[in-house]
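Residue numbers (this note's numbering): 137 to 331.
Think of the CB as a built atom: it goes at the ideal place given N, C-alpha and C, for glycine as much as any other residue.
Read the structure below first, then the notes.
Below, the structure is given as structure tokens:
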């Protein structure tokens, strides 16, 4: 007779939450997304849905500004100086600046991308590829890193990899300047590689 009431008691215990083995912890609310993260998501959405080149350029600039605002003043200074050094064809000096920026802010995806550019210019493709992988690990939507990776893969003779990386960049930034022509070139190269 005592066992006949067990299912009813068990059901009541579950409903009331008094059965320690059956009680479930309250669900943990998802952490609130930060304002910069929400702004970045919106900017990437605007980039993907831009109706024309002007809209895409504005969205791209918004993304770059958000990335820049995420850096401390010291890191921003190092990145700006490094970019100036790249433009002045001084990749060794730029590399020092980007190394210092990454030491200060190892989670700054754009710093890894810029260092990859400098490494590529000094001829260290292995280091450049590693920097691009880290950049994309930190920010998988970094379309410029995907374009850079595509170029590295093409230079290494991996036309199919170059095409896949470029297609990934276009999925994020459909209006990449020269994107359609570059896609045709890579598609032809990849088709030739398959033969």
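Pick from the options: whose alpha carbon is nearest that of residue i?
| i | options | result |
| --- | --- | --- |
| residue 200 | 213, 278, 295, 258 | 278 |
| residue 223 | 206, 250, 242, 236 | 250 |
| residue 181 | 243, 247, 309, 324 | 309 |
| residue 296 | 230, 265, 321, 274 | 321 |
| residue 247 | 197, 286, 204, 256 | 204 |
| residue 225 | 207, 257, 195 | 257 |
| residue 197 | 227, 183, 215 | 183 |
| residue 315 | 327, 189, 171 | 189 |
| residue 228 | 208, 213, 255 | 255 |
| residue 288 | 311, 273, 313, 261 | 261 |
| residue 214 | 193, 195, 239 | 239 |
Please classify residue i: is it buried, with 16 or more other beta-carbons within 10 angstroms of its beta-carbon, or exposed?
| i | result |
| --- | --- |
| residue 270 | buried |
| residue 280 | buried |
| residue 286 | buried |
| residue 177 | exposed |
| residue 275 | buried |
| residue 243 | exposed |
| residue 273 | exposed |
| residue 311 | buried |
| residue 173 | exposed |
Can you round the beta-carbon distance between residue i and residue j to whole angstroms, since I take them to be within the 8 Å contact cut?
| i | j | result |
| --- | --- | --- |
| residue 218 | residue 241 | So it is not a contact: roughly 13 Å between Cβ atoms. |
| residue 252 | residue 231 | Not quite, the Cβ-Cβ distance comes to about 10 Å (not below 8 Å), so this is no contact. |
| residue 283 | residue 265 | The pair is not a contact, with the Cβ atoms about 14 Å apart (cut-off 8 Å). |
In its own chain, which residues sit with a C-beta less than 8 Å from the C-beta of residue i, not counting the 5 before and 5 after it?
| i | result |
| --- | --- |
| residue 323 | 299 |
| residue 290 | 298, 322, 325 |
| residue 235 | 251 |
Take residue i and list the residues in its own chain whose beta-carbon comes closer than 6 Å to its own, dropping the five residues that flank it on each side.
| i | result |
| --- | --- |
| residue 191 | none |
Quick one: residues in its chain with C-beta nearer than 7 Å to the C-beta of residue i, no 5 flanking neighbours on either side, listed in chain order?
| i | result |
| --- | --- |
| residue 318 | 302 |
| residue 175 | 202 |
Can you find a C-beta in chain D that's less than 8 Å from the C-beta of residue i?
| i | result |
| --- | --- |
| residue 231 | Note that chain D does not occur in the displayed structure, where there is just one protein chain. |
If we require 4 or more residues per run, which alpha helix (DSSP H) segments fall completely within the region 245-316? 245-257, 261-274, 279-291, 295-308
Hey, which unbroken runs of the alpha helix (DSSP H) at 4 residues or more fall wholly within the region 205-229? 209-223
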